[in-house]
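Shown next, in structure tokens, is the structure this report addresses.
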Amino acid sequence: MANSKYEYVKSFEVEDEVMLPNLIVVRIDGRDFRRFSEVHEFEKPDDERALNLMNSCATAILEEYPDIAFSYGFSDEYSFVFKKTSKFYQRRASKLLSLIVSLFSSVYVTKWKEFFPEKELKYPPSYHSRVISCASIEVLQAYLAWRQNDCHLNNLHDTCLWMLVKGGETENKAREFLKGTQKQQKNELLFQKFHINYKNLPAMYRQGSCIFKTKVEENVKCNVNGAPVKRLRRKARIVHAENIAGRSFWNEHPSLLKEVGGFTEDVDKIKLEYVRFFQFENKLMPSTWIVIRIDGCHFHRFSEVHQFEKPNDKQALNLMNSCAVAVLQEIPDIIFAYGVSDEYSFVFKKDSHFYQRQASEIVSVTVSFFSSMYIMKWKEFFPLKELKYPPSFDGRAVCYPSDEILRDYLAWRQVDCHINNQYNTCFWMLVNKKGKSKSEAQDYLKGTQAREKNELLIKEFYIEYNELEPMFRQGSLAFWEKEDITLADENGSSLANSRNKVTVEHCDIIKPNFWEAHSSILGEMVPKL
Numbered sequence: 001m002a003n004s005k006y007e008y009v010k011s012f013e014v015e016d017e018v019m020l021p022n023l024i025v026v027r028i029d030g031r032d033f034r035r036f037s038e039v040h041e042f043e044k045p046d047d048e049r050a051l052n053l054m055n056s057c058a059t060a061i062l063e064e065y066p067d068i069a070f071s072y073g074f075s076d077e078y079s080f081v082f083k084k085t086s087k088f089y090q091r092r093a094s095k096l097l098s099l100i101v102s103l104f105s106s107v108y109v110t111k112w113k114e115f116f117p118e119k120e121l122k123y124p125p126s127y128h129s130r131v132i133s134c135a136s137i138e139v140l141q142a143y144l145a146w147r148q149n150d151c152h153l154n155n156l157h158d159t160c161l162w163m164l165v166k167g168g169e170t171e172n173k174a175r176e177f178l179k180g181t182q183k184q185q186k187n188e189l190l191f192q193k194f195h196i197n198y199k200n201l202p203a204m205y206r207q208g209s210c211i212f213k214t215k216v217e218e219n220v221k222c223n224v225n226g227a228p229v230k231r232l233r234r235k236a237r238i239v240h241a242e243n244i245a246g247r248s249f250w251n252e253h254p255s256l257l258k259e260v261g262g263f264t265e266d267v268d269k270i271k272l273e274y275v276r277f278f279q280f281e282n283k284l285m286p287s288t289w290i291v292i293r294i295d296g297c298h299f300h301r302f303s304e305v306h307q308f309e310k311p312n313d314k315q316a317l318n319l320m321n322s323c324a325v326a327v328l329q330e331i332p333d334i335i336f337a338y339g340v341s342d343e344y345s346f347v348f349k350k351d352s353h354f355y356q357r358q359a360s361e362i363v364s365v366t367v368s369f370f371s372s373m374y375i376m377k378w379k380e381f382f383p384l385k386e387l388k389y390p391p392s393f394d395g396r397a398v399c400y401p402s403d404e405i406l407r408d409y410l411a412w413r414q415v416d417c418h419i420n421n422q423y424n425t426c427f428w429m430l431v432n433k434k435g436k437s438k439s440e441a442q443d444y445l446k447g448t449q450a451r452e453k454n455e456l457l458i459k460e461f462y463i464e465y466n467e468l469e470p471m472f473r474q475g476s477l478a479f480w481e482k483e484d485i486t487l488a489d490e491n492g493s494s495l496a497n498s499r500n501k502v503t504v505e506h507c508d509i510i511k512p513n514f515w516e517a518h519s520s521i522l523g524e525m526v527p528k529l
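Per the UniProt record's numbering: the sequence shown = residues 1 to 529.
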């Protein structure tokens, strides 16, 4: 990042490294997926295609991130277990949980039509994500046993519930009927009333799905004689096992023993409170401004693969802005957001209690929803471009204690926008117009100051930098404002009214007069800016 006097705000960023030798688990689960499944008319109690879509997304995660050794999922959740020696992204919790939930969300939307070709995706799904820091292999074993036990109990209950509903009961009456019943009673109900042997139901419904990599032999090419040449490759494999926390299952798979560790004995009793103790949680300081900053992961490559215009692709920036507007509309506690290039900062109300100010919840939901929306809106902004692969974003939460420091944070991001965009404008003009190689252009610009870059643009390319589009130079600010509208009453008379809408502007947010001009909009939310 570019240097400026505002860089002191970085000191408010808190590192959240999961220390070795703790084993890292990242668990994601659907946000309000009960409503999502109803809107999209999933089959009850289990929709095979929906579960296969989840499995396909989890497989994509394992293929993208080699540091993940094992995953287990059921219903709308998945847990990803990292190798015991992993140093992926310096083991930073926020980085890990945001990257995984972002890519999972992107892949889910991308693959939707593959599994539901006849169904329209009505709105973007989003997920919660959190890190579990397992202090020992025994904690991991207890965690896996807990999740699979939940799978069994929930599926048994839901199978009974929806069979009763299909038999004519209302959902409320069916829930009341099942209240307090034990496993044996539910199994008897299914067998005696509906002639269903629960153990004969598909294993994926009862046991969940495990995914891990195993060595398989593949034909990679043919030799000069036309005979296939085979190589051993590690490929993700989906397994449905009765006891994923048992020694026998773990011992059957040497790769898991090597990458994660082995269990010395089986789990007798699951202690939920014991497992929850290891959840890696950071509750954000009250009465401070919460900023969630998301940033594109490897977007340099993403922009090249998708042939974004250099130095600025207006459609790509408008897509980012449109996603940010959707996030503001989805999460009322966000009062405004500032974005540039492949990043966006979302500012929450100082007194926000969104998800009880739990950092993992706020970061994951924001990043997940943004990622899903990016895929859903792609064709709106790039109707002629195929999305070659789903993008992902990382995110982090930072608290700023005063209005002045929040303003300096925003100034830091806008100064970065200006410095980077000025450099990139010069760089790409040298490459595209002067025929210089990228390394030559870098050498040419090395050590140049802002004035020298401006002179280069004017003398060599007849470009007045300050006349370039404000969105390129200043970034984008999305915020709520009131809009005057006219409504008609029942007699046809016109009534003046107003409503809130999200507006995007490109302006100098460093100058105090910007905030003075918007005092009626931001008013009590940003009282001193």
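A virtual CB, placed ideally from N, CA and C, is assigned to each residue, including glycine.
From the DSSP secondary-structure annotation, give me the bridge partner or partners of residue i.
i, result
"residue 348", "290 and 334"
"residue 238", "211"
"residue 395", "294"
"residue 400", "289"
"residue 151", "Bridge partners of residue 151: none, in fact."
"residue 481", "501"
"residue 280", "131"
By the three-class DSSP mapping on this structure, what secondary structure does residue i have?
i, result
"residue 47", "coil"
"residue 67", "coil"
"residue 1", "Only weak support exists for where residue 1 lies, its pLDDT of 40 falling under 50; the value from the coordinates is given anyway. Residue state, collapsed to three classes: coil."
"residue 462", "coil"
"residue 520", "Residue confidence for residue 520 is low, a pLDDT of 49 falling below 50, so the modelled location carries little weight; the figure read from the coordinates is stated next. Residue state, collapsed to three classes: helix."
"residue 509", "coil"
"residue 254", "helix"
"residue 309", "coil"
"residue 515", "helix"
"residue 317", "helix"
"residue 385", "coil"
"residue 343", "strand"
"residue 358", "strand"
"residue 201", "coil"
"residue 243", "coil"
"residue 264", "coil"
"residue 159", "helix"
"residue 137", "helix"
"residue 353", "coil"
Check each candidate in the options and name the one with the smallest Cα separation from residue i.
i, options, result
"residue 52", "115, 91, 106 and 41", "115"
"residue 166", "316, 423, 43 and 332", "43"
"residue 104", "63, 290 and 140", "63"
"residue 85", "36, 25, 122 and 187", "25"
"residue 541", "326, 360, 349 and 317", "Any question about residue 541 goes unanswered here, given that the chain covers just 1 to 529."
"residue 137", "275, 227, 15 and 326", "275"
"residue 94", "79, 18 and 22", "18"
"residue 269", "144, 210 and 284", "144"
"residue 6", "22, 284 and 404", "404"
"residue 280", "330, 113, 361 and 185", "361"
"residue 193", "161, 516 and 305", "161"
"residue 454", "435, 470, 419 and 210", "419"
"residue 325", "69, 429 and 501", "501"
"residue 54", "413, 74, 206 and 39", "74"
"residue 243", "10, 206 and 224", "206"
Where do the ends of the alpha helix (DSSP H) carrying residue i lie?
i, result
"residue 473", "470-474"
"residue 444", "438-445"
"residue 409", "403-433"
"residue 185", "183-194"
"residue 389", "Counting along the chain, residue 389 falls outside any alpha helix (DSSP H), and DSSP gives it neither H nor E."
"residue 223", "Careful: residue 223 lies outside any alpha helix (DSSP H) and carries neither H nor E."
"residue 178", "171-178"
Let me check you understand the geometry: is the CB of residue i closer than 8 Å to at least one non-hydrogen atom of the ligand GTP?
i, result
"residue 383", "Among the ligands in the structure shown, none appear at all, so the ligand GTP cannot be discussed."
| Which runs of the alpha helix (DSSP H) spanning at least 4 residues fall entirely within the UniProt domain "tRNAHis guanylyltransferase catalytic" (6-133), listed in chain order? | Uninterrupted alpha helix (DSSP H) stretches at least 4 residues long and entirely within the UniProt domain "tRNAHis guanylyltransferase catalytic" (6-133) occur at 33-39, 48-64 and 93-115, given in chain order.
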